[in-house]
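Participant:
Protein chains: 2
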Amino acid sequence: MPLKLYLAGPEVFLRNAREILDAKAALTRSYDFEPICPGDIFIEPAPTRHEFGLKISAVDESMMNSADGVIANLTPFRGMAADTGTAFELGYICAQGKLVAAYTNITDNHFARVASYYDGQIAPDETGRKRGPDGTALEDFEMIDNLMLHGGVARRAGHIAIHRAAFDALYTDLTGFEDCLKYLATRI
Amino acid sequence: MPLKLYLAGPEVFLRNAREILDAKAALTRSYDFEPICPGDIFIEPAPTRHEFGLKISAVDESMMNSADGVIANLTPFRGMAADTGTAFELGYICAQGKLVAAYTNITDNHFARVASYYDGQIAPDETGRKRGPDGTALEDFEMIDNLMLHGGVARRAGHIAIHRAAFDALYTDLTGFEDCLKYLATRI
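In order, the protein sequences belong to chains A and B. According to our numbering, the first sequence is numbered sequentially starting from 1. According to our numbering, the second sequence is numbered sequentially starting from 1001.
#1: How would you call F167 of chain A, buried or exposed, if buried means at least 16 neighbouring beta carbons within 10 angstroms?
#2: Output the distance between the C-alpha atoms of A982 of chain B and V1114 of chain B, rounded to the nearest integer angstrom.
#3: What residue range does the alpha helix (DSSP H) around T1186 of chain B cover?
#4: Taking Cβ-Cβ distances shorter than 9 Å, what residues in chain A pair up with V1114 of chain B?
#5: Alpha helix (DSSP H) containing K1055 of chain B: first to last residue?
#6: Measuring CB to CB, does D60 of chain A end up less than 9 Å from P38 of chain A?
#7: Can you grab the Cα-Cα spacing for the pair G1158 of chain B / R1187 of chain B, in whole Å?
#8: Taking Cβ positions only, does Q96 of chain A come closer than 9 Å to chain B?
#9: Hey, T1086 of chain B and I1106 of chain B: beta-carbon distance below 9 Å or not?
#10: Note down, in chain order, each residue of its chain lying with its Cβ closer than 7 Å to the Cβ of N109 of chain A, except the 5 sequence neighbours on either side.
#11: How is G9 of chain A classed by DSSP in three states: helix, strand or coil?
#12: Counting C-beta neighbours from all protein chains within 10 Å, is the total for R152 of chain A 16 or more, i.e. buried, or is it exposed?
#13: Quick one: which chain B residues come within Cβ less than 9 Å of A137 of chain A?
#14: Reducing DSSP to helix, strand and coil, say where K1024 of chain B ends up.
#15: Just to make sure I have the definition right: I need the residues of chain B whose C-beta is within less than 9 Å of the C-beta of R131 of chain A. Which are they?
#16: Quick check: the Cα distance between G97 of chain A and L184 of chain A, rounded to an integer number of angstroms?
#17: Let me see if you follow: with CB-CB separation under 9 Å, is E1044 of chain B close to chain A or not?
#18: Please decide whether G1152 of chain B counts as near chain A, where near means a Cβ-Cβ distance under 9 Å.
#19: Thinking D1022 of chain B and P1002 of chain B are a contact (beta carbons under 8 Å), I'd like their distance in whole angstroms, please.
#20: Compute the distance between the beta-carbons of F177 of chain A and I71 of chain A, then report whether it is under 9 Å.
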């Protein structure tokens, strides 16, 4: 029985989501894993949009529960940080003690991206901690996102792939994704 | 022994983080829970910033492991979505099957905030799914953030408090936080 990998990431929102998820699934199988993709299972209609959303949440959690690990696409989505749904899913699977790997298609790290969000208006406070113009502190740990995400993967000896994708291939370039597959194939 | 609640949220980044965390901790104790706050434990120095970040990740995870539940502050942070660290932590504690509650200090829901991110340039595709100008689909489930976060709490019969805080009290207004405490006090 091949190990099952849950493929977390914001590509479910793309217009060509099916095509990308199929490509990720095929690549996953080529490394002898079984892919589990959110979006693969038909969700029954529900009386309200809200209840439909809850059904998707239930199906996605049951998929994670059946998985042996995750590859999380942490490429920033609609802003300077990872998709929050993907962050939730990564935390969920870290808590389950399963195989973890993550990738990003942007090479600027978390600190660089937050500094850019603040147009570079970063200054150290009296303790040396770097802060933005709104007074909030910036994590500067050479990590790809908030330390809980990067640390959660790295501390589990999971793999973090960092790759610079072309701007028009930010959510479709699978170089980092395949790098994670290669790594996980050595772990089993 | 009082139940322990992990207090997740981006207020750890505020200039007056200590003050806010102390206020949250005092309020938590007033409802007979024991607060566990990231930032409460001294983290030993490490040879590199990166290793220091990993140490914080380890300490925060051990705090979550010792907790009986979480109250997650999902108020959007540096953009239109929740702090990714908080999203990770909420997923982590949902996977552990513990008590969960969440609050937001912004009443615009996820759909409204993403629509605003796209300056209202939202149109239905051929299947009726609403998409932004970049082609990505918007979740429209009357939820406060991505469905995994809202659904993860709601499906566990956790509480979601929605409160409109003043702009200058976005991360310090504790009305929604106290609402979660009141709710959790009825669950035990």
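Glycine residues also receive a C-beta, built at the ideal position from the N, C-alpha and C atoms.
Facilitator: According to the data block:
#1: Your numbering for residue 167 of chain A matches position 167 in the first sequence. When all chains shown are included, F167 of chain A counts as exposed.
#2: Chain B is shown from 1001 up to 1188; residue 982 of chain B falls before or after that span and cannot be answered.
#3: Taking the second sequence and counting its residues from 1, one reaches residue 1186 of chain B at position 186. Element bounds for T1186 of chain B: 1175-1187.
#4: The residue you call residue 1114 of chain B lines up with position 114 of the second sequence. By Cβ distance, chain A contributes R78.
#5: Counting from one through the second sequence, the residue named residue 1055 of chain B turns up at place 55. Looking at the DSSP string, the run of the alpha helix (DSSP H) that includes K1055 of chain B is 1049-1066.
#6: Counted from its first residue, the first sequence places residue 60 of chain A at position 60. Counted from its first residue, the first sequence places residue 38 of chain A at position 38. It is a contact, given that the beta carbons lie within the stated cut-off.
#7: Within the second sequence, the letter at position 158 stands for residue 1158 of chain B. Within the second sequence, the letter at position 187 stands for residue 1187 of chain B. The straight-line gap from Cα to Cα measures roughly 9 Å.
#8: Against the first sequence, residue 96 of chain A aligns to sequence position 96. Yes, Q96 of chain A lies at the interface with chain B (some Cβ there is under 9 Å from its Cβ).
#9: Taking the second sequence and counting its residues from 1, one reaches residue 1086 of chain B at position 86. Taking the second sequence and counting its residues from 1, one reaches residue 1106 of chain B at position 106. Not a contact, by the Cβ cut-off of 9 Å.
#10: For the purposes of this step, residue 109 of chain A is taken as residue 109 along the first sequence, with counting starting at 1. Taken in chain order, the residues that qualify are E142, M143, I144.
#11: The count along the first sequence starts at 1 and reaches residue 9 of chain A at position 9. Coil.
#12: Here the question's residue 152 of chain A lines up with position 152 in the first sequence. Before going on, a small fix: residue 152 of chain A reads as Gly here, not Arg. So G152 of chain A counts as buried.
#13: Counting from 1 along the first sequence, the entry for residue 137 of chain A is found at position 137. Ordered by position in chain B, the residues that pass the 9 Å Cβ test against A137 of chain A are V1012, F1013, L1014, R1015, A1017.
#14: On the second sequence, position 24 is the one that residue 1024 of chain B refers to. It is helical.
#15: Taking the first residue of the first sequence as position 1, residue 131 of chain A is located at position 131. Neighbours of R131 of chain A on chain B, chain order: F1013, R1015.
#16: Start at 1 with the first residue of the first sequence, and residue 97 of chain A comes out as number 97. Start at 1 with the first residue of the first sequence, and residue 184 of chain A comes out as number 184. Their backbone Cα atoms lie some 14 Å apart in a straight line.
#17: In the second sequence, counting from the first residue as 1, residue 1044 of chain B sits at position 44. Taking Cβ atoms only, chain A never reaches closer than 9 Å to E1044 of chain B, which makes this a no.
#18: Translated into the one-based positions of the second sequence, residue 1152 of chain B becomes position 152. Yes - at least one Cβ of chain A is within 9 Å of the one on G1152 of chain B.
#19: Sequence index remark: in the second sequence, residue 1022 of chain B carries index 22 (1-based). Sequence index remark: in the second sequence, residue 1002 of chain B carries index 2 (1-based). With 8 Å as the limit, D1022 of chain B and P1002 of chain B do not qualify as a contact, their Cβ atoms being about 18 Å apart.
#20: Residue 177 of chain A sits at position 177 when you count from the first residue of the first sequence. Residue 71 of chain A sits at position 71 when you count from the first residue of the first sequence. In contact: F177 of chain A and I71 of chain A (Cβ atoms closer than 9 Å).
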